[in-house]
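Residue numbers (this note's numbering), protein chains in the order written: chain L, 104 to 412; chain D, 3 to 116.
We put the beta carbon where it would ideally sit given N, CA and C, even for glycine.
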């Protein structure tokens, strides 16, 4: 171990000892520092860890490197790669959050002992399931120019009375709203069907940043916990929608299978048995922008009467 | 293994399956999960919880600008149906309609009195 503290242990995920990948599975796998990955086994559980240099993964170093988007990307992809490889062996994997670092194996074992009950419960709950991500993008004009309805009919003042202007504006706005309503409805419909094929669902806030890419307006960003054997059915359903939906002006994007990231967090909240809302408090409750991922499994419900004029 | 990731869907952005570890998954999708989700356990190195929360906040600004979404009227995902955009947007819409009618009425009167 690391008596001299030149090395730390970066933890990726927790699995059942019995289901943990063997040395063969891990042989070619490398982690966030290009290091080999191994399992630390204790009390029937296993944590996948990799020895990383203290110089790069101590408190200060992590602090600095995670602020750098390039370093962050590298670490995130490597972290995900390890978790993905283990998921691919068929093991039930509880992915740990990025940058969970221990001094030594004793620290990892202590964690396994302290969290034994919750981790076990989460592994039981998620066993045999993976996560699929589905994003729906609106590609219609409503997506391109949300403000255009206001800017469009700006004609020379002299030629247009206020009423005409307002009338035109109202018409444009109405068309825009109509389109947005159709797209939202399509997204809701998709979500409802996929929810029926899933054990649990979790909604993320839509992506609209430089990282999200030029995908149009993201109107649904959801994660579905699906039994492995139900994967084909789920992906077929998504494929079916992908074929259908151009008429609705939306596009679909499917990612997965992921380890059950979006459903693992609730294990540690100390409130097992409650659903999505719980992990929101742990995972995202404190975010400044807030609320988004919490407690909206109700989305699939049909829209209550849309009364926008 | 990932048999599903070969499912014959269509081109990227229109229904493609992306294996999350393939490097094909969007960075945004990965960050969403590895920073924001997963099992949250304090490690020995105290960078974890609080700092990651802060980082997540910053990241949200990059990945998922919620304000932007709201600006665009997309907020139905964020609250329960009773409070959701439909009711609120409905109220606003109704108020807008009233105001627009009022403006038109005033204009009409002004024209008539001329």
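CB of residue 134 (chain L) within 8 Å of CB of residue 153 (chain L), strictly: Start at 1 with the first residue of the first chain, and residue 134 (chain L) comes out as number 31. Start at 1 with the first residue of the first chain, and residue 153 (chain L) comes out as number 50. Taking a C-beta distance under 8 Å as the contact criterion, residue 134 (chain L) and residue 153 (chain L) qualify as a contact pair.
Check the Cβ of residue 176 (chain L) against every Cβ in chain D and list those closer than 9 Å, keeping chain order. Along the first chain, one-based indexing puts residue 176 (chain L) at 73. The contacting residues are 29, 32, 33.
CB-CB length for residue 233 (chain L) against residue 334 (chain L), believed under 8 Å: Residue numbering aside, residue 233 (chain L) sits at position 130 when the first chain is read from its first letter. Residue numbering aside, residue 334 (chain L) sits at position 231 when the first chain is read from its first letter. Taking the Cβ atoms as the reference, residue 233 (chain L) lies roughly 7 Å from residue 334 (chain L), within the contact range of under 8 Å.
Please return the same chain residues whose Cβ sits closer than 6 Å to the Cβ of residue 361 (chain L), not counting the five positions on each side in sequence. Locating residue 361 (chain L) in the first chain gives position 258, counting from the first residue. Closer than 6 Å at the Cβ level, and outside the excluded window around residue 361 (chain L), lie 234.
Members of the segment 151 to 168 of chain L that neighbour chain D once the beta carbon cut-off is set at 8 Å: Residues of the segment 151 to 168 of chain L with a C-beta less than 8 Å from any C-beta of chain D: 160, 161, 162, 165, 166, listed in chain order.
Against chain D, does residue 277 (chain L) count as a neighbour if the rule is that its beta carbon must be under 8 Å from one of theirs? As a first step, residue 277 (chain L) must be located in the first chain, where it is residue number 174. Taking a beta-carbon distance threshold of 8 Å, residue 277 (chain L) does not count as an interface residue toward chain D.
Contact criterion: CB-CB distance below 8 Å. Does residue 111 (chain D) meet it with respect to chain L? Working through the second chain from its first residue, we reach residue 111 (chain D) at position 109. Closer than 8 Å: no.
Can you tell me where the beta strand (DSSP E) holding residue 141 (chain L) begins and where it ends? Position 38 of the first chain, counted from the start, is the residue given in the question as residue 141 (chain L). Its beta strand (DSSP E) spans residues 141 to 145.
Which stretch, first to last residue, makes up the alpha helix (DSSP H) that contains residue 43 (chain D)? Locating residue 43 (chain D) in the second chain gives position 41, where the first residue counts as 1. No alpha helix (DSSP H) contains residue 43 (chain D), which DSSP labels as neither H nor E.
Between the segment 194 to 201 of chain L and the segment 115 to 129 of chain L, do three or more beta carbon pairs fall short of 8 Å? Judged by Cβ distances under 8 Å, the segment 194 to 201 of chain L makes contact with the segment 115 to 129 of chain L, as three or more pairs qualify.
If the criterion is Cβ atoms closer than 8 Å, does the pair residue 300 (chain L) and residue 237 (chain L) meet it? For the purposes of this step, residue 300 (chain L) is identified with residue 197 of the first chain, where counting begins at 1. For the purposes of this step, residue 237 (chain L) is identified with residue 134 of the first chain, where counting begins at 1. Against a cut-off of 8 Å, the Cβ pair of residue 237 (chain L) and residue 300 (chain L) comes out as no contact.
Just how far apart, CA to CA, sit residue 279 (chain L) and residue 286 (chain L)? Counting from one through the first chain, the residue named residue 279 (chain L) turns up at place 176. Counting from one through the first chain, the residue named residue 286 (chain L) turns up at place 183. Using only the alpha carbons, I get a separation of about 11 Å.
Is there at least one Cβ from chain D nearer than 8 Å to residue 358 (chain L)'s Cβ? By 1-based counting over the first chain, the position of residue 358 (chain L) is 255. So yes, residue 358 (chain L) belongs to the interface.
Residues of its chain near residue 189 (chain L), where Cβ-Cβ distance is below 7 Å and the 5 sequence neighbours each way are ignored: For the purposes of this step, residue 189 (chain L) is taken as residue 86 along the first chain, with counting starting at 1. A distance below 7 Å between beta-carbons, with the five flanking residues on each side excluded, links residue 189 (chain L) to the following residues of its chain, in chain order: 116, 118, 124, 151, 196.
Expressed to the nearest angstrom, what Euclidean distance is found between the alpha-carbon atoms of residue 49 (chain L) and residue 211 (chain L)? Because residue 49 (chain L) is not part of the residues shown, which for chain L are 104 to 412, the question remains open.
First through last residue of the beta strand (DSSP E) which encompasses residue 232 (chain L): Within the first chain, numbered from 1, the residue matching residue 232 (chain L) stands at position 129. That run of the beta strand (DSSP E) goes 232 to 241.
Using a Cβ cut-off of 7 Å, pull out every chain L residue sitting near residue 102 (chain D), in sequence order please. The count along the second chain starts at 1 and reaches residue 102 (chain D) at position 100. Neighbours of residue 102 (chain D) on chain L, chain order: 269, 273.
In angstroms, rounded to a whole number, what distance separates the CA positions of residue 227 (chain L) and residue 137 (chain L)? Looking up residue 227 (chain L) in the first chain gives position 124. Looking up residue 137 (chain L) in the first chain gives position 34. Rounded to whole angstroms, the separation of the alpha carbons of residue 137 (chain L) and residue 227 (chain L) is 31 Å.
What's the gap between the Cα of residue 192 (chain L) and the Cα of residue 276 (chain L)? Working through the first chain from its first residue, we reach residue 192 (chain L) at position 89. Working through the first chain from its first residue, we reach residue 276 (chain L) at position 173. Their Cα atoms are separated by approximately 52 Å.
For residue 327 (chain L), which residues in chain D fall below 8 Å Cβ to Cβ? On the first chain, position 224 is the one that residue 327 (chain L) refers to. None at all; the shortest Cβ gap to chain D is about 12 Å.
Output yes or no for whether 8 Å exceeds the beta carbon distance between residue 264 (chain L) and residue 109 (chain D). Counting from 1 along the first chain, the entry for residue 264 (chain L) is found at position 161. Counting from 1 along the second chain, the entry for residue 109 (chain D) is found at position 107. Yes; because the gap between Cβ atoms is below 8 Å, this pair is in contact.
Against residue 206 (chain L), what residues of chain D qualify as contacts under a CB-to-CB distance less than 8 Å, listed in chain order? Within the first chain, the letter at position 103 stands for residue 206 (chain L). Result: 46, 47.
For residue 169 (chain L), which residues in the same chain have their Cβ closer than 6 Å to its Cβ, ignoring the five residues on either side in sequence? Working through the first chain from its first residue, we reach residue 169 (chain L) at position 66. Result list for residue 169 (chain L): 175, in chain order.
Could you run through the segment 121 to 137 of chain L and flag, in chain order, every residue whose CB is less than 9 Å away from some CB of chain D? So nothing in the stretch comes that close.
Could one say the Cβ of residue 148 (chain L) lies closer than 8 Å to chain D's Cβ atoms, at least one of them? As a position in the first chain, residue 148 (chain L) is number 45, starting the count at 1. Nearest CB-CB separation between residue 148 (chain L) and chain D: not below the 8 Å threshold.
If we count the other Cβ atoms within 10 Å of its Cβ and call it buried at 16 or more, is residue 127 (chain L) buried or exposed? Here residue 127 (chain L) refers to the residue found at position 24 of the first chain. The residue in question, residue 127 (chain L), is exposed, as its Cβ has fewer than 16 Cβ neighbours within 10 Å.
Those residues which DSSP pairs with residue 153 (chain L) across a bridge: Your numbering for residue 153 (chain L) matches position 50 in the first chain. L:113, per the DSSP bridge assignment.
Considering only the alpha carbon of each residue, which of L:269, L:161, L:163, L:241 lies closest to residue 104 (chain D)? Along the second chain, read from residue 1 onward, the residue named residue 104 (chain D) stands at position 102. Here the closest residue by C-alpha is L:269.
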